[in-house]
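Protein chains in written order, with my numbering: chain R, 5 to 385; chain B, 419 to 684; chain V, 3 to 438.
To start, the structure under review is shown below, and the notes come after it.
Laid out in structure tokens, this is it:
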């Protein structure tokens, strides 16, 4: 667990060291629709840029306050010069807010290699696949300009296998949380899952595989309490999860977050690339088109609701907490309908908005109150 | 030098200030609480200033008003928008001023000035108390420290701690949390000033440019008297020096008086 | 004594009637009623027959917003349902209208038989996905993704695969329309409607292009009442004719004779994003200063079709394609290419492109100052606006901003905004009006 915490906390040191050691490029990405497989094929280290939970005042001349605090926090990292070691930045189009962070970064921290990938939104149409494959070819041309290297199908397969392995091990780690007393808490899981954003797939896979083995025998001396699922936008609020999972120590109610449907966790690693395909570029495109969608791409059918219901059933969830970034329109558009489906199926829900400028303490108090209502429901029968 | 005597009145949300100017100097100041009746406050402040300068009403050639006093045309000869008044007043005391900041009880505003003192760009913060004096007032209550001691106490701390809350209400909650965690009061005090300076600096940067040696930044308004805020603002803007007028509250009123004189008659 | 002669716009009353009739027509029984975005390819469903009634969402949202007491009821209903306050204000007005079952133009909310739209911002397709859910479901729905990348000169070329992606979705949607309605799609009706779309949007650009004249023949507040036809239904032949044969002709005449929109025009400004629809009197406030807002990229390019010429740094109305489309495939392709060049699509890829276009307007239309509306009601059109501000200032323009909401009156403060405008106009060197 320590290694993951270290990677999370010292992400920038790790990236600089990797760069010095290998002499290769580090490219920062903003959204999980970025085809990391292609970047790995070029032997580039793809790193996701997350915020650091500080008030992003420096961003306010670039992104007004009505856009989500996460996107402003992300931009602040660039404006503060913390990512000057990056050789480039890439955005796969999804939400508007992150596009703003990407373009302001490009304008004010440039000139820097950058690529805007128009990741299609009509993922429920087959037309999106040939479109995306052609866009990947444009990306590859641009990466050739960045690195001076060319790649072939073998390199793409390599990249696919690296990412698939990372996703597989994370899914397996997450499977251990299905048990009655999960051997890993939600805070720990999120910390582990987020650490993958900052590290090379090979390093991560090694540690994660060891962790998975240890989870077979690990036992936690805590009352798991209520089984909670988080549903929401971007979140790496490990501190918040620690707070609510520790409630049981002092309060009469407790909980464990057993699974999430978040941009930073399952939505990114649940789906694999088909390695049996003869056309690896197309296989990658198929994976990104078919993965659990961001709400901006979840239409005309709202397919994500089914994924959420499946997870809720498999993980035997007692309650769902919506964990949204404040002002996150895509998720706000879906929320009332997801909520209704969950509640119609007997799963109580609670809504929380996250904003780096609000202290986490009062949020934990509200969660405590929610957990008490779950216990009260049990008492009725 | 135009020796006409003029008066400038700045109607703030809390205090109405009147300054009588002769030549280059303010010769009489009247400060009164604004209350609900702007007209009354204008008259009172004018009378106080007349008393202070030992003058009669007839000696005053023209009266300019700025701030919330717009529309009260009975005694007023010219209305001046507060950004202009702030800029003109700043340049009077500091001829090289390039950027002006006025942080009052309930609002903050800033302007960038051209070489001849004209307003080139401006920004204001009216909707949010967390970027104004009310923030520090609320925090002094939460901490149980007298308002006038807050600045000095902050300057005694060498330990910056992050303060995330941008909203007065949430900040109170955060301060209470820090108190319970036994954080030294002076460190909390510094965090409060750092947080506010960060927001004000953010507003100043909007009208930029910053960081050149030609920058001459004038800070006025009630909060300019708070040494803790001034030190925090210097750190935030990464400057060695900020210009603080001797009477930071009356600068816009002085500006109004000067513009009233300079802009002759209608 | 005004500096310039003024005259009311001759086709004003006719325009008002046309708009009123159009909204009323939507509630008539019979035919097929289809809801979709003002940016949708509304020409396509016209192939279903001459009894298609098209409901564009955004103009309806704006109409609600122009009546604050009505809008506030709709907003409350939407919020009570569980929608957040920061979601697009047009959508909340629309959904609230459905929840209250109240049409802003009288009677019950006209339920759609189909939903057919496009998607570029985060919320376009979600709008109708949610509207359908609020109507109890069961309304077939197709959305065309137009997030296919920027148009030249903002991209090296309009790549074939990007045009193909949109064209193929359009062709698929035609098959879908046939399956869903059971009707045979009539290519000739579609091809005619497609050409109308192109005519309408080109003509609107030409009309706005004339506003470079000093004095400006039209002011932005009037432009809002006139651009609405392109937003209501681009593919409507009567609207295309109105622009090409009446309005364009009249505006040319006004320019020839030096007729002004604002008689005391002494300075010109440009704005951006939608205005606060419930408070359009801010334009009258500008006029007291002798200031005319002669438009914006929003008014010109929301529906009007323009191309940015990199060499001359000018924004010019997009030339009509040399020939009408003759077949379904040709029409789909032509529309795909035409729509992808929409000026208000380009900033979704980078604010740089919009800054270029805004700069071209500010210079070409001889603007003294720029007023940007940080519109909390539409994240799509206000995306990147802070960068546009910085970019325009860098290019030597004078810029002010104000916060507000196009559709939610609670987030707009008239007094504060007017004060800011006054300070800004004074900083431009304009004398205070004697009678503010």
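Each residue gets a CB set at the ideal place from its N, CA and C atoms; glycine is no exception.
In this text the structure is predicted, and so the values were computed from the model without any measurement.
- Item | Reduced DSSP secondary structure (H/G/I, E/B, other) of residue 81/R | helix
- Query: Three-state secondary structure (DSSP) at residue 579/B?
  - Reply: coil
- Per-residue contacts from residue 366/R into chain B (C-beta, under 7 Å): 591
- Which one or two residues does DSSP pair with residue 259/R in a beta bridge? 230/R
- Item | residue 212/R, buried or exposed, once every other Cβ within 10 Å from all chains shown has been counted against 16 | buried
- Backbone secondary structure at residue 216/V - three-state DSSP: coil
- Query: Per DSSP, what kind of secondary structure is residue 30/R in: helix, strand or coil?
  - Reply: strand
- Item | Check whether residue 333/R and residue 89/V have beta carbons under 8 Å apart | yes
- Task: Would you please state the rounded distance, in angstroms, between the beta carbons of residue 127/V and residue 304/R? I believe it to be under 8 Å.
- Result: 7 Å
- Just the C-alpha distance for residue 33/R and residue 199/R, rounded to the nearest angstrom, thanks. 15 Å
- Using the beta-carbon count (16 or more within 10 Å), is residue 670/B buried or exposed? buried
- Message: What does the alpha-carbon distance come out to for the pair residue 533/B and residue 357/V?
- Response: 27 Å
- Determine the contact status of residue 380/B and residue 634/B, defining contact as a CB-CB distance below 8 Å. It is not possible to answer for residue 380/B, since the shown part of chain B is limited to 419 through 684.
- Tell me which same chain residues have a C-beta within less than 7 Å of the C-beta of residue 171/V, skipping the five on either side of it? 146 and 147
- Item | Interface flag, residue 424/V vs chain B, CB-CB below 8 Å | yes
- Going by DSSP, name the residue or residues bridged to residue 24/V. Residue 24/V is not bridged to any residue.
- Short Cβ contact (8 Å threshold) for residue 89/R with residue 20/R: yes
- Query: Taking 7 Å as the line, does the beta carbon of residue 587/B fall inside it for any heavy atom of the ligand FMN?
  - Reply: No copy of the ligand FMN occurs in the structure displayed, which carries no ligand at all.
- State yes or no: is the C-beta of residue 409/V within less than 8 Å of the C-beta of residue 73/V? yes
- Message: Counting only Cβ pairs nearer than 7 Å, list the residues of chain V close to residue 343/R.
- Response: 84
- Task: Mind reading off the beta-carbon distance from residue 605/B to residue 579/B? Whole number of angstroms is fine, and I expect it under 8 Å.
- Result: 6 Å
- Query: In chain order, which beta strand (DSSP E) runs of at least 3 residues are fully inside the stretch 71-126 of chain V?
  - Reply: 116-121
- Message: As a quick exercise: from 16/R, 71/R and 26/R, pick the residue whose alpha carbon is nearest that of residue 379/V.
- Response: 71/R
- Task: Let me know the secondary structure DSSP gives residue 530/B once reduced to three states.
- Result: strand
- Contacts of residue 143/V in chain R (Cβ-Cβ under 7 Å): 304
- Alpha carbon to alpha carbon, how far is residue 235/R from residue 253/R? Give it in angstroms, no decimals. 25 Å
- For residue 281/V, name the three-state secondary structure that DSSP assigns. helix
- Query: Leaving out five residues before and five after residue 1/R in sequence, what residues of the same chain have Cβ atoms less than 6 Å from its Cβ?
  - Reply: The first residue shown for chain R is 5 and the last is 385, placing residue 1/R beyond what the model contains.
- Query: Under a three-way DSSP split, which group does residue 574/B fall into?
  - Reply: coil
- C-beta atoms of residue 292/R and residue 39/R nearer than 8 Å: yes
- State the start and end residues of the unbroken beta strand (DSSP E) segment that holds residue 144/V. 143-147
- Query: What separation, rounded to the nearest whole angstrom, lies between the Cα atoms of residue 185/V and residue 179/V?
  - Reply: 8 Å
- Task: May I have the straight-line CA-CA distance separating residue 309/R from residue 339/R, to the nearest angstrom?
- Result: 10 Å
- Excluding the 5 residues preceding and the 5 following residue 560/B in the sequence, name in chain order all residues of the same chain whose CB lies nearer than 6 Å to its CB. 590 and 593
- Coarse secondary structure for residue 659/B, derived from DSSP in three states: coil
- Task: With distances taken Cα to Cα, identify the nearest neighbour of residue 307/V among 345/V, 393/V, 350/V and 364/V.
- Result: 345/V
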